[in-house]
Amino acid sequence: MKKEKNNKPSKELPLGFVDRQEKELLIRDFVISNIKEIMIKYGFQYLETPSFEYTESIGKFLPDAERPDQGVFSFKDENNWLSLRYDLTAPLARYVAKNYLEIPKPFKRYQLGTVWRNEKPGPGRFREFLQFDADFVGTKSLQADAELCVMISEILEKCGLKKTDYIIKISSRKITEELFKKLNINDNNQRLTTLRALDKIDRLGWDGVKELLGAGRKDKSGDFTKGANLKSQDIQTIEETLKKKSPESEDLIEILKIFKDYNFSNFEFDPSIIRGLEYYTGATFEVNLKFDVTNNKGQVIQFGSIGGGGRYDNLVNNFGNYDAPATGISIGLDRLVYALMQKKEFKIKQSKPVVICVFDKKAMKEYISLQMILRKAGVSVEIYPGESKLKKQMEYANKIKSPAVILYGENEIKSGKPTLRNLGSGKEKTIEVKELVNEIKKII
RNA sequence: GCAGCAGUAGCUCAGUUGGUUAGAGCACUAGUUUGUGGAACUAGGGGUCGGUGGUUCGAAUCCACCCUGCUGUACCA
28 MKKEKNNKPS KELPLGFVDR QEKELLIRDF VISNIKEIMI KYGFQYLETP SFEYTESIGK
88 FLPDAERPDQ GVFSFKDENN WLSLRYDLTA PLARYVAKNY LEIPKPFKRY QLGTVWRNEK
148 PGPGRFREFL QFDADFVGTK SLQADAELCV MISEILEKCG LKKTDYIIKI SSRKITEELF
208 KKLNINDNNQ RLTTLRALDK IDRLGWDGVK ELLGAGRKDK SGDFTKGANL KSQDIQTIEE
268 TLKKKSPESE DLIEILKIFK DYNFSNFEFD PSIIRGLEYY TGATFEVNLK FDVTNNKGQV
328 IQFGSIGGGG RYDNLVNNFG NYDAPATGIS IGLDRLVYAL MQKKEFKIKQ SKPVVICVFD
388 KKAMKEYISL QMILRKAGVS VEIYPGESKL KKQMEYANKI KSPAVILYGE NEIKSGKPTL
448 RNLGSGKEKT IEVKELVNEI KKII
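Letter 245 of the first sequence, counting from 1, is numbered 272 in our numbering, and no numbers are missing.
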């Protein structure tokens with residue numbers, strides 16, 4: 028905690044939280060409106076669930092400690108532990124279980140919402156972020172899995188990305204499942220460690236992963252990570268299997284066939300797409316950006332994926348005895364927006380008001396009248412919100428990037444002709460009120 | 001959590017053989033004769049040098065501990 032002098036409250040933000048400014052928010056709005064449009068086209072229902080859930084409903088583990096803070100923000104109300112959701116999938120499973128008798132089956136819904144994770148933030152990763160999720164619940168059809176990928180691709184392109192800007196990587200848990208069977212790896216811990224190690228291929232390469240599959244690995248800071256302790260023969264089998272360029276599991280073969288029917292080709296089979304989550308049972312996918320993303324110091328950062336998902340046929344059953352196989356995808360919107368902001372060709376329009384300068388408070392009626400005329404015509408306009416010298420008012424207009432100021436002082440009011448100053452060019456024109464709208468529209 | 005590095009004004013940083021009232025650029029405020037911005041000039045505000053304790057006549061500068069941040073790594077249901 029940073030101490031402020033005189034015991035004033037800290038102006039710093041908690042670790043992992045950020046203020047977001049207009050430019051980012053406008054791009055986010057743009058992305059969201061594209062998403063909504065496409066979700067309607069694809070026939071998904073819009074859903075919102077609350078930020079808080081009972082802790083036991085969103086975690087796989089019930090709180091066994093005094094305070095369940097394993098990665099979630101929690102607090103206790105009168106009687107119960109509540110937690111801020113850490114994703115939108117668990118709330119979906121809960122919603123489906125709660126409304127099972129009423130909802131259509133299969134159930135297709137999409138959701139936009141903030142999620143929170145109480146963990147160490149990394150570059151471009153925060154403890155509060157906006158997610159977009161689309162899921163099919165209650166169908167085993169691989170058409171659903173395929174369509175999710177096609178749909179994400181359409182969303183990204185609608186947002187202005189080209190085919191060369193992104194790729195959807197796809198794999199299946201069935202591949203690793205079969206490997207485990209074949210190699211007789213039954214210990215759940217060992218399986219998990221293996222999956223997690225394999226998930227790191229893009230970052231560590233096969234050499235690093237093989238260390239993690241074996242005894243363990245020391246990273247460059249000197250920290251040591253314990254490995255899965257597999258036999259070297261098994262490690263070799265795993266490497267050979269996963270290095271194959273085409274899928275051999277039936278589900279993937281079918282999904283790829285459906286992609287073909289959709290004429291969708293911007294994907295890549297990559298058996299290292301494992302995803303850390305334990306609950307996936309079938310296809311897994313990941314959305315990766317292929318252009319460079321830099322941090323605020325201009326350095327290119329390892330951006331990684333902006334989202335992913337897969338099939339999870341058993342998750343909803345956790346809430347009851349329902350047969351609800353499901354598949355879904357989620358996108359980290361803030362990360363997508365952050366990346367979009369860096370595309371040079373990507374411009375978002377920020378409308379800034381024309382400023383009517385205040386020369387004399389007694390003439391306020393005249394200013395208001397001008398303002399009403401302009402607003403009626405749809406022009407963004409404001410009367411300078413304060414009392415300052417003209418110079419200050421100009422500085423203000425300049426600072427907010429106003430396109431123009433209107434000078435309506437004693438002389439102008441007498442003649443009924445305001446002066447319009449273009450803040451881009453610095454040129455001024457004294458014109459009739461009725462011409463004002465047209466002149467301003469030329470500038471904007 | 002573990003490991004490495006770092007912590008001086010709002011921001012970017014300078015300031016070590018420890019020594020007078022701690023500096024710069026940018027930003028900010030006021031002004032450069034009273035109706036004009038983005039340039040220039042002048043003046044000004046702002047820091048108990050991350051914190052606490054210690055060594056010393058004297059510490060931003062040395063030591064210890066703590067806190068915070070960055071990076072890597074782990075975890076991420």
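Ideal Cβ positions, reconstructed from N, Cα and C, are used throughout, including at glycine. Note that the structure is a prediction, hence the values are computed from the model and not measured.
Label residue i either buried or exposed according to how many other C-beta atoms from any shown protein chain fall within 10 Å of its C-beta, with 16 as the threshold for buried.
| i | result |
| --- | --- |
| Gly347 | exposed |
| Lys469 | exposed |
| Asp261 | buried |
| Gly451 | exposed |
| Asp104 | exposed |
| Arg402 | exposed |
| Ile395 | exposed |
| Glu267 | exposed |
| Ser332 | buried |
| Asp172 | buried |
| Lys454 | exposed |
| Gly149 | exposed |
| Gly196 | A quick correction: the sequence has Lys, not Gly, at residue 196. Lys196 comes out buried. |
| Asn475 | Outside the displayed range of the chain (28 to 471) lies residue 475, so it cannot be described from this structure. |
| Ser180 | buried |
| Lys38 | exposed |
| Arg154 | buried |
| Pro131 | exposed |
| Lys237 | buried |
| Val45 | exposed |
| Ala404 | exposed |
| Arg448 | buried |
| Met178 | buried |
Tell me the DSSP bridge mates of residue i?
| i | result |
| --- | --- |
| Lys245 | Phe251 |
| Ala431 | Asn449 |
| Arg121 | Arg121 is not bridged to any residue. |
| Lys63 | According to DSSP, which records beta bridges pairwise, Lys63 is partnered with nothing at all. |
| Lys103 | Trp108 |
| Phe79 | Leu111 |
| Phe134 | Val164 |
Measure from the alpha carbon of residue i to the alpha carbon of each residue in the options, then state which is nearest.
| i | options | result |
| --- | --- | --- |
| Asn288 | Asn438, Gln170, Pro412, Leu450 | For the sequence presented, residue 288 should be read as Asp rather than Asn. Taking only the C-alpha atoms, the option nearest Asp288 is Gln170. |
| Met421 | Val432, Glu75, Arg200 | Val432 |
| Glu51 | Met399, Ala310, Lys376 | Lys376 |
| Ile458 | Glu414, Gly98, Leu397 | Leu397 |
| Phe156 | Arg55, Ile427, Val320, Lys63 | Arg55 |
| Asn66 | Leu183, Pro352, Asn345 | Residue identity check: residue 66 is Met in the sequence provided, not Asn. The candidate whose alpha carbon is nearest that of Met66 is Leu183. |
| Lys125 | Arg154, Tyr349, Pro298 | Tyr349 |
| Leu239 | Cys186, Lys247, Asn256, Asp229 | Asn256 |
| Lys371 | Ser415, Lys389, Val320, Met399 | Val320 |
| Val385 | Leu206, Ser415, Ala404 | Ser415 |
| Tyr81 | Leu74, Ser101, Ile265 | Ser101 |
| Thr354 | Lys68, Gln72, Phe134 | Phe134 |
| Asn216 | Gly254, Leu231, Glu75 | Gly254 |
So what's residue i in DSSP terms, helix, strand or just coil?
| i | result |
| --- | --- |
| Ser110 | strand |
| Glu459 | coil |
| Ala92 | Caution is warranted here: a pLDDT of 46 is assigned to Ala92, below 50, making its placement in the model unreliable, and the coordinate value is therefore given only provisionally. Coil, per DSSP. |
| Glu129 | coil |
| Leu139 | strand |
| Gln263 | helix |
| Gln72 | strand |
| Ile300 | coil |
| Val406 | coil |
| Phe294 | strand |
| Phe57 | helix |
| Asn145 | coil |
| Glu49 | helix |
| Asn256 | coil |
| Ile280 | helix |
| Ser84 | helix |
| Glu439 | helix |
Q. Can you list the beta strand (DSSP E) stretches of 3 or more residues lying completely in the region 305-363, in chain order?
A. Within the region 305-363, the complete beta strand (DSSP E) segments at least 3 residues long are 310-316, 332-338, 353-359, listed from N- to C-terminus.
Q) Curious, which full-length beta strand (DSSP E) runs of at least 3 residues does the region 150-238 contain? A) The qualifying runs are 155-164, 193-199.
Q) Can you list the beta strand (DSSP E) stretches of 3 or more residues lying completely in the region 358-397, in chain order? A) Those beta strand (DSSP E) runs which fall completely within the region 358-397 and span 3+ residues are 381-383.
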